[in-house]
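Those protein sequence lines, which keep their order, are chains A, B, C and D. Going by my numbering, the letters in the first sequence line up with residues 789 to 1127, in that order. Going by my numbering, the letters in the second sequence line up with residues 789 to 1127, in that order. Going by my numbering, the letters in the third sequence line up with residues 789 to 1127, in that order. Going by my numbering, the letters in the fourth sequence line up with residues 789 to 1127, in that order. For every residue, glycine included, the Cβ atom is placed at its ideal position computed from N, Cα and C.
4 protein chains.
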Amino acid sequence: MGKYMTVKVGINGYGTVGKRVADAISLQDDMEIVGVAKRSPTYGAEMAVEKGYPFYAASDKYLDEFDRKDIPVEGMLEDLLDEAEIIIDGTPKKSGYKPMYEKAGVKAIWQGGEDHEMTGLSFNSMANFDEALGADYLRVVSCNTTGLLRTLYPIHRDIGLERCTAVMIRRGADPWDTSRGPINSINPVLNIPSHHGPDVQSVVPGINIQTTAVKVPTTIMHLHSVTVDLKKDVDTDEILRTWDETPRIKFFNESMGVDSTAKVMEWARDRSNDRADLNEIAVWNDAVKVEDGVLYYYQAIHQESDIVPENIDAIRAMTELEEDKMKSIRKTNEGMGIE
Amino acid sequence: MGKYMTVKVGINGYGTVGKRVADAISLQDDMEIVGVAKRSPTYGAEMAVEKGYPFYAASDKYLDEFDRKDIPVEGMLEDLLDEAEIIIDGTPKKSGYKPMYEKAGVKAIWQGGEDHEMTGLSFNSMANFDEALGADYLRVVSCNTTGLLRTLYPIHRDIGLERCTAVMIRRGADPWDTSRGPINSINPVLNIPSHHGPDVQSVVPGINIQTTAVKVPTTIMHLHSVTVDLKKDVDTDEILRTWDETPRIKFFNESMGVDSTAKVMEWARDRSNDRADLNEIAVWNDAVKVEDGVLYYYQAIHQESDIVPENIDAIRAMTELEEDKMKSIRKTNEGMGIE
Amino acid sequence: MGKYMTVKVGINGYGTVGKRVADAISLQDDMEIVGVAKRSPTYGAEMAVEKGYPFYAASDKYLDEFDRKDIPVEGMLEDLLDEAEIIIDGTPKKSGYKPMYEKAGVKAIWQGGEDHEMTGLSFNSMANFDEALGADYLRVVSCNTTGLLRTLYPIHRDIGLERCTAVMIRRGADPWDTSRGPINSINPVLNIPSHHGPDVQSVVPGINIQTTAVKVPTTIMHLHSVTVDLKKDVDTDEILRTWDETPRIKFFNESMGVDSTAKVMEWARDRSNDRADLNEIAVWNDAVKVEDGVLYYYQAIHQESDIVPENIDAIRAMTELEEDKMKSIRKTNEGMGIE
Amino acid sequence: MGKYMTVKVGINGYGTVGKRVADAISLQDDMEIVGVAKRSPTYGAEMAVEKGYPFYAASDKYLDEFDRKDIPVEGMLEDLLDEAEIIIDGTPKKSGYKPMYEKAGVKAIWQGGEDHEMTGLSFNSMANFDEALGADYLRVVSCNTTGLLRTLYPIHRDIGLERCTAVMIRRGADPWDTSRGPINSINPVLNIPSHHGPDVQSVVPGINIQTTAVKVPTTIMHLHSVTVDLKKDVDTDEILRTWDETPRIKFFNESMGVDSTAKVMEWARDRSNDRADLNEIAVWNDAVKVEDGVLYYYQAIHQESDIVPENIDAIRAMTELEEDKMKSIRKTNEGMGIE
């Protein structure tokens, strides 16, 4: 694909993921939004139009309402599929759009809510960019799995990971989803181990990992307490050096005044991050410890936004806009303002 | 003061208020930050420097630490007072800096944590801009009192307000303040009525208002349920028209998909507001009702940011940069991206 | 009905209300549980059996499961209706059992989730016990409406209530209902005024009341901030005296160390109340204030248990076990350990 | 000690621990409360008197206030020390009463807030009852450490424990402590590993355990996600059998309808446990899994009450009322209604 060509991307589903990936695409110079499809006439429709994204209706149920609100509808979802080369599917899990994409002959990227089996290819930028080159369909793994891969993959690659246990303390609900709890409860996921271990292995089969998870009454960030038996007996500094050289990991510590997920979120606000998001994984570098060949660390995951840059890299790999992993990652980061 | 002159503003205290007012000032063309003074070496110091604000130490306790973190310290707070014409005091309440400002001969603006008596002048842009012209000291009233004045003052002025009762459901803690609760409790303010009524009257003595308040386990937004006995029997539309013409009031409603404070916050994120703030007061226009001469409405207050534009207007009034209230408000709003 | 006869009561629905009313009935000497009907095989079924309540299946869906768990099933709901003179309906709202009760010829008591229209008689012990004498069907109004009536009715009767506004800060979910939120949000009820005003009037038509409501991230207790324009200008002491003479109102205050709903709940635990319930309405007597003929007060409502004694009184009135209101209330209270 | 003698116990500090241990003592026939000492005149003082506990003032600061509230004060703390053979110290951590107890020649039991070093003997009923026989001073370890020992000790003893990692999701505040957070935050304990590992080892030196911990916005229950490398390759059933035979472990599962800490708490309420407490450790038996010699399980800890029966056993051991561990445990359990 030539230098002056841009990939035409359509967004199906303009919720938590769709709206973020749309904005990230518009910050890249080698891809463009040809349209956004949305079902319901909530304020996002108006905002999409204000941002200059051509607006398509994902169903005909609310066409009158879009009309009443002066939302210019360019067409239906089917029309958008004709315009796009690749679709970001940000619809609720199991929405079942794959046959429609196949029929229209567009590539598509799903998110972590879907099973690995639907596409046969689960994606993380650092771990398996090369496998995605030219692919038609893939899914970007969930925010938690992406977070685990960001920190575990470089250790797996450089040091060796004998075995890993991760306990995931998960936020209870999306920040806007005020119908969901829990309130004053800790809810364990009683299927032990949880699905996140196999999910990591769907990207990197060789990682020996078991995970458990609980849900708590917070929004926005998950926190992981991770234990890793290392294959080589390295010291804490070597772990920190490995992560320091890895993109999309950001260190926080008490000396900065950051000792909680709330303070990580405040940092993201103070840095003027768009939507107060944090695309990086937050690692407390003063709480990383290697003892007797075992690594302990905490990391926090911004549930809505860590997977956004992975979607951008996936577009590049699938359309072969860029075949070099590190070049794509750097380009994505520069566009999005990730350090 | 001439067109090419800018007022030199110093910030004492770079926390919730200080950092926001600093950024708002840097968006105005008639004022500039000559320095920011901060006590502790948390990450804010580094961010202030990155934003290009000259950095001053508010105490000598952490000078070594600033040095270790490569924060270039321009001087001490006293030095900043020499540079500035006017100080935004964003220090914790009752910090007691007034004598130091008097000695240095600088004007100063305090926030709602201070008593009215300290300055004798309590400020809200719409309600009493003119009283602040040329003043040396004033306090911008608290976020809740500012919120009450934004919606009540225009009704008081245009329609007449016989009597008002406001019940304030207050967020429990600042979003970063993870030491404070409550958890799973509703805490009533047992001094009835609460101090917010007298606080409104410190700006507009004629408003007959009683307030009660409770604290709940949330962050970022307060919500008020307000009942007003009107002097004239107008209909709901006239109330909405009055507010529609008033700056810094923003309507939300269920048809937009916004039926909670969390969704107001999400809207502010989606609008790419800096820090995901909301300088306007959120009023649910589909839940405004006049019945038998009594007005009922809900409003939500972004606790950290509604008072920021009032600080900017106060600077203009006190330094007589601009003597026309509406011109100042419009200029502030344009700079800050308030509709 | 003779001294040695007891009313035979069946419980349909053994959840939040059903299990509590069952235990309260077993503490009275003039009524008895002839059976409890439950749908699902969760632990409550076993506990009901351990308490000696004959167990009936409310559907045949889980008969195998009851069998596997060794729960002795006495029969189906229809069989229970044959045994009982009166049914406490604690099923989810709009479950639609009325035709079945009519066919079986049993009296029935519903809860606040049902509309007034279904029975035409809405009940509160103090306010309209006499209207329930001999009735076949009634509903005990909701926990919030019961709470409002407990404190407003005696003022309406003795002093006169010109007009009332109540703002209700509601708990987000039942304590066990960990699927419901909100988390970090305040959700206003956008239908202004809320349904609680008309609900109060369904019991005492003469009370002029408007209500608004918000939902917050807590469990167990609601809190009301109430404003009342009195018909007579009485002082605070007269209000307190009136409530002191009214059953099922309990005073709390800061001097006791109780300044939040959490501390009211702790008091109920320390008093060894069963299930840590509080059947009384909690009023902060140090935060009751009359100013210029207007009464301000806060009250807290134990959402699960304030309506339990009303159900007992309703049984007595409907079956004419006791025709004197105060005698029934006293008998209920003594049995239940209410002061 | 003869059958008709009872040990005379004094309670110093009538808060979360003190009030519970006092009630537990009054349910045993071989010990009695000779007095309760409390500092502040909150409602607990009145309740202690109502329960028939002689009341002593822990300081002279509020003597007037006790008088005003008609609390009969039997004497000062020093007087109580003269009456008692053994003191339960339920005062805030580091209150420093040891010299006073030494001077008075009374035995004393502290709680988990104190360091091991103060007494040199850290106690858990199952793990080291025998070491406490005749001891003058000991501390009952914290609720979390007690919980870990309850499930880990029998595995250590019967099966062998190669290594253990426990991640502790801790409730943010005591249920009555409405000043403490966090709200909408997960706060990791940045000292890795946390102090709970060494705390377990202060009772059973041989257990190889590392712990990490986070704080979340809930009250009442902690939850642990535990990973254990076993010395012998046993199956899940053997683990369950071991725990089934161990006192003070209670199984919960989804089939009972209990899949969260909130539902465990609801179960404790439904069982009419005093204060809705749960003295047992809650283990989800359907989420216990052994895979490749590694055991995974979740347990939940009632932060206020699991240590209460350990205090009773400690009294028996220290005073040699009973020298047989299992007899003491059974006697304590019977008195307290623990299955």
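How many Å lie between Ala1056 (chain D) and Glu1042 (chain D) at the Cα?
Sequence index remark: in the fourth sequence, residue 1056 (chain D) carries index 268 (1-based). Sequence index remark: in the fourth sequence, residue 1042 (chain D) carries index 254 (1-based). Spanning the two alpha carbons is a distance of roughly 16 Å.
For Trp1031 (chain C), list the residues DSSP reports as bridge partners.
Here the question's residue 1031 (chain C) lines up with position 243 in the third sequence. Its beta-bridge partners do not exist; DSSP assigns none.
State yes or no: is the beta carbon of Asn975 (chain D) nearer than 7 Å to at least one beta carbon in chain A?
Position 187 of the fourth sequence, counting from 1, holds the residue named residue 975 (chain D). Yes, its Cβ sits closer than 7 Å to a Cβ of chain A.
Which one of C:Asp858, C:Met864, C:Thr794, C:Glu838 has the shortest CA to CA distance from Gly801 (chain C)?
On the third sequence, residue 801 (chain C) is found 13 positions in, with the first residue counted as 1. Checked all of C:Asp858, C:Met864, C:Thr794, C:Glu838; the closest Cα to Gly801 (chain C) is C:Met864.
To the nearest angstrom, how far is the alpha carbon of Thr939 (chain A) from that of Ala1070 (chain B)?
Position 151 of the first sequence holds residue 939 (chain A). Position 282 of the second sequence holds residue 1070 (chain B). Spanning the two alpha carbons is a distance of roughly 41 Å.
With distances taken from CA atoms, which of D:Gly878, D:Pro880, D:Ala915 is nearest Ala1105 (chain D)?
Along the fourth sequence, read from residue 1 onward, the residue named residue 1105 (chain D) stands at position 317. Nearest option by C-alpha distance: D:Ala915.
Buried versus exposed call for Arg1029 (chain D) [16 or more other C-beta atoms within 10 Å across all chains shown]:
In the fourth sequence, counting from the first residue as 1, residue 1029 (chain D) sits at position 241. Its Cβ having fewer than 16 others within 10 Å, Arg1029 (chain D) is exposed.
What is the DSSP secondary structure of Ile1008 (chain A), reduced to helix, strand or coil?
Counted from its first residue, the first sequence places residue 1008 (chain A) at position 220. Coil.
By the 10 Å Cβ neighbour count, where 16 or more other Cβ atoms means buried, how is Lys747 (chain C) classified, buried or exposed?
Summary: the structure shown does not reach residue 747 (chain C), with chain C confined to residues 789 through 1127, and so no result is reported for it.
If you draw a straight line from the C-alpha of Met789 (chain A) to the C-alpha of Val797 (chain A), how long is it?
Position 1 of the first sequence, counted from the first residue, corresponds to residue 789 (chain A). Position 9 of the first sequence, counted from the first residue, corresponds to residue 797 (chain A). Only weak support is given to the placement of Met789 (chain A): the predicted model assigns it a pLDDT of 40, under 50, and the value that follows is read from those uncertain coordinates. One C-alpha to the other measures close to 15 Å.
Using DSSP's beta-bridge definition, name the partner residues of Trp1072 (chain B).
Residue numbering aside, residue 1072 (chain B) sits at position 284 when the second sequence is read from its first letter. Looking at the DSSP assignment, Trp1072 (chain B) forms a beta bridge with B:Phe1040.
Measure how close the beta-carbons of Ala846 (chain D) and Phe854 (chain D) come, nearest whole angstrom, since I'm counting them as under 8 Å.
Taking the fourth sequence and counting its residues from 1, one reaches residue 846 (chain D) at position 58. Taking the fourth sequence and counting its residues from 1, one reaches residue 854 (chain D) at position 66. Rounded, the Cβ-Cβ distance is 11 Å, inconsistent with contact.
Would you list the one or two residues that DSSP bridges to Ile897 (chain D)?
Taking the fourth sequence and counting its residues from 1, one reaches residue 897 (chain D) at position 109. The partner list for Ile897 (chain D) (beta bridge, DSSP) reads D:Ile876, D:Leu926.
Is there at least one Cβ from chain F nearer than 7 Å to Pro1005 (chain D)'s Cβ?
Going by chain labels, chain F is absent from the structure shown, which instead holds the protein chains A, B, C and D.
Thr740 (chain D), DSSP secondary structure in three states
Residue coverage of chain D in this structure runs from 789 to 1127, which leaves residue 740 (chain D) outside it and unanswerable.
Along the region 900 to 931 of chain D, what residues have a CB closer than 9 Å to any CB found in chain B?
none
For Lys1038 (chain A) and Gly1045 (chain A), believed in contact at Cβ under 8 Å, the rounded distance
Counting from one through the first sequence, the residue named residue 1045 (chain A) turns up at place 257. Counting from one through the first sequence, the residue named residue 1038 (chain A) turns up at place 250. Not a contact, Cβ separation roughly 15 Å.
With a floor of 3 residues, list each beta strand (DSSP E) that falls wholly inside the region 933 to 982 of chain D, ordered by position along the chain.
949 to 961
Between the Cα of Ser828 (chain A) and the Cα atoms of A:Asp811, A:Glu838, A:Val861, A:Asp817, which residue gives the shortest distance?
Position 40 of the first sequence, counted from the start, is the residue given in the question as residue 828 (chain A). Of A:Asp811, A:Glu838, A:Val861, A:Asp817, the residue nearest in Cα terms is A:Val861.
Can you list, in chain order, the residues of its chain with a C-beta nearer than 8 Å to that of Lys857 (chain D)? Leave out the 5 residues immediately preceding and following it.
On the fourth sequence, residue 857 (chain D) is found 69 positions in, with the first residue counted as 1. Taken in chain order, the residues that qualify are Pro829, Ala833, Glu834.
Compare the Cα-Cα distances from Pro979 (chain B) to each of C:Leu949, C:Val1082, C:Asp1047 and report the closest residue.
Stepping through the second sequence from its first residue, residue 979 (chain B) is reached at position 191. Note that residue 979 (chain B) corresponds to Asn in the displayed sequence, not to Pro. Asn979 (chain B) has its Cα closest to that of C:Asp1047, out of C:Leu949, C:Val1082, C:Asp1047.
Own chain residues within Cβ distance below 8 Å of Lys1077 (chain A), not counting five before or after
Within the first sequence, numbered from 1, the residue matching residue 1077 (chain A) stands at position 289. Within the same chain, Lys1077 (chain A) has close Cβ partners Thr1024, Leu1083, Tyr1084, Tyr1085.
Assuming Lys1077 (chain C) is part of the beta strand (DSSP E), what are its boundary residues?
The sequence position of residue 1077 (chain C) within the third sequence is 289, counting from 1. Per DSSP, Lys1077 (chain C) belongs to the beta strand (DSSP E) from 1077 to 1079.
Buried or exposed: Gly840 (chain D), going by 16 or more other Cβ atoms within 10 Å of its Cβ?
The count along the fourth sequence starts at 1 and reaches residue 840 (chain D) at position 52. The residue is exposed, with fewer than 16 neighbouring Cβ atoms inside 10 Å.
Identify the contact partners of Gly969 (chain B) in chain D, using a Cβ-Cβ distance below 9 Å as the criterion.
What you label residue 969 (chain B) is simply residue 181 of the second sequence in a count that begins at 1. Simply Gly960, Ala961, Asp965, Thr966, Ser967, Arg968, Gly969, Pro970, Ile971, Pro1005.
Beta-carbon of Ser1048 (chain D) versus every beta-carbon of chain C: anything under 7 Å?
For the purposes of this step, residue 1048 (chain D) is taken as residue 260 along the fourth sequence, with counting starting at 1. So yes, Ser1048 (chain D) belongs to the interface.
At which residue ranges does the region 833 to 872 of chain D contain complete beta strand (DSSP E) runs of 3 or more residues, listed in the order of the chain?
843 to 845, 861 to 864
Quick one: is Pro963 (chain A) buried, meaning 16 or more other Cβ sit within 10 Å of its Cβ, or exposed?
Residue 963 (chain A) sits at position 175 when you count from the first residue of the first sequence. Pro963 (chain A) is buried by the Cβ-count criterion.
Along the region 1087 to 1111 of chain D, where does the CB come closer than 9 Å to a CB of chain A? Name the residues.
Ala1088
Going by DSSP, name the residue or residues bridged to Ala825 (chain A).
For this step, residue 825 (chain A) is matched to residue 37 along the first sequence. DSSP output for Ala825 (chain A) lists A:Asn800, A:Tyr844 as bridge partner(s).
Assign Ile1148 (chain C) to one of three DSSP states: helix, strand, or coil.
Since the displayed chain C opens at 789 and closes at 1127, residue 1148 (chain C) lies outside it and no answer follows.
Counting only beta-carbon separations shorter than 7 Å, does Met1168 (chain D) have a partner in chain C?
Because chain D in this structure spans residues 789 to 1127, residue 1168 (chain D) falls outside the shown range and cannot be described.
Can you name the residues that DSSP bridges to Phe911 (chain C)?
For the purposes of this step, residue 911 (chain C) is taken as the residue at position 123 of the third sequence. DSSP output for Phe911 (chain C) lists C:Val928 as bridge partner(s).
Minimum C-alpha distance to Ala896 (chain D) - residue among D:Val795, D:Ala961, D:Pro1035, D:Glu1122
As a first step, residue 896 (chain D) must be located in the fourth sequence, where it is residue number 108. Nearest of D:Val795, D:Ala961, D:Pro1035, D:Glu1122 to Ala896 (chain D), Cα basis: D:Val795.
In three-state DSSP terms, what is Val1096 (chain B)?
Here residue 1096 (chain B) is taken as the residue at index 308 of the second sequence, counted from 1. The answer is helix: DSSP assigns Val1096 (chain B) an H, G or I state.
Residues of chain D with CB closer than 8 Å to the CB of Ser1013 (chain A), please, in chain order.
Counted from its first residue, the first sequence places residue 1013 (chain A) at position 225. Under the 8 Å cutoff, chain D gives Val955, Pro976, Thr1000, Val1002.
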